[in-house]
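Colleague:
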Amino acid sequence: MTIDQAPSVPAAPRRSVELDTDEALRLLGSVSFGRIVFTRHALPTIRPVNHVLDRGDVVIRTHEGMALTARAQEADDRGVVVAYEADAIDPLTHLGWSVVVTGYAHLVTDPRELAHYHSLLRPWVDRTMDYAVRIRPDLVTGIRLTAADGPDGP
Numbered sequence: 391m392t393i394d395q396a397p398s399v400p401a402a403p404r405r406s407v408e409l410d411t412d413e414a415l416r417l418l419g420s421v422s423f424g425r426i427v428f429t430r431h432a433l434p435t436i437r438p439v440n441h442v443l444d445r446g447d448v449v450i451r452t453h454e455g456m457a458l459t460a461r462a463q464e465a466d467d468r469g470v471v472v473a474y475e476a477d478a479i480d481p482l483t484h485l486g487w488s489v490v491v492t493g494y495a496h497l498v499t500d501p502r503e504l505a506h507y508h509s510l511l512r513p514w515v516d517r518t519m520d521y522a523v524r525i526r527p528d529l530v531t532g533i534r535l536t537a538a539d540g541p542d543g544p
């Protein structure tokens, strides 16, 4: 087995600056790709998905066979505990940000809302995505990675 040589790590150390909730959600809304984390057979499962931020909620599209869809269908009124992570970190400079939203996920069942999300979210995979899942954040955390001796960055 061979390991591809990764770019060298920048010599300067990085500083981690905590983001407030508003800034973290603003940054999350500025990208369309992230990772949904949920449990499957009592183990953590992570899937890359595209999302839209709608009035502070993260919304993703899913399909009938997706484990998250099944978990959300079986869930009680509270929903399914999930985490959602998105970031924009430059692979060469290691500068950027990361945001994690933790909360409960529910299937979107209102036909008008579902149609609205279907128009906003185009699936990235060649598969029918008939469902949408809304994540209501209970906890929003984020960091910005900046140069240790520089300003807070972008």
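Numbering (the numbering used here), first residue to last: 391 to 544. We put the CB at the ideal spot given by N, CA and C, even for glycine. Fair warning: this is a prediction, and the values are worked out from it, not measured in the lab.
What do you get for VAL530, buried or exposed, if any count of 16 or more other CB atoms within 10 angstroms of its CB means buried?
Modeller: buried
Colleague: Looking at the structure shown, is THR483 part of a helix, part of a strand, or coil, going by DSSP?
Modeller: coil
Colleague: Please list, in chain order, all residues of the same chain as ASP516 whose beta carbon is under 6 Å from its beta carbon, the five residues on each side excluded.
Modeller: none
Colleague: If you measure between the beta carbons of VAL470 and PHE428, is that distance less than 8 Å?
Modeller: Contact flag set, yes.
Colleague: Determine the direct distance from the alpha carbon of LEU535 to that of PRO527, and round the result to whole angstroms.
Modeller: Rounded to whole angstroms, the separation of the alpha carbons of LEU535 and PRO527 is 23 Å.
Colleague: May I have the straight-line CA-CA distance separating ASP412 from LEU497, to the nearest angstrom?
Modeller: 25 Å
Colleague: Applying the 10 Å Cβ sphere with the 16-neighbour rule, what's the burial state of THR499?
Modeller: exposed
Colleague: Quick check on this structure: which residue in VAL449, THR483, HIS431 has the alpha carbon closest to the alpha carbon of GLY419?
Modeller: VAL449
Colleague: What does a CB cutoff of less than 8 Å around ARG463 pick up in its chain, not counting 5 residues either side in sequence?
Modeller: What sits at residue 463 in the sequence shown is Gln, not Arg. LEU497, listed in sequence order.
Colleague: Mapping DSSP to helix, strand and coil, what is ASP528?
Modeller: Of the three classes helix, strand and coil, the one that applies to ASP528 here is strand, per DSSP.
Colleague: Would the beta-carbon of THR435 fall within 8 Å of that of VAL523?
Modeller: No, the pair does not count as a contact, with Cβ atoms beyond the cut-off.
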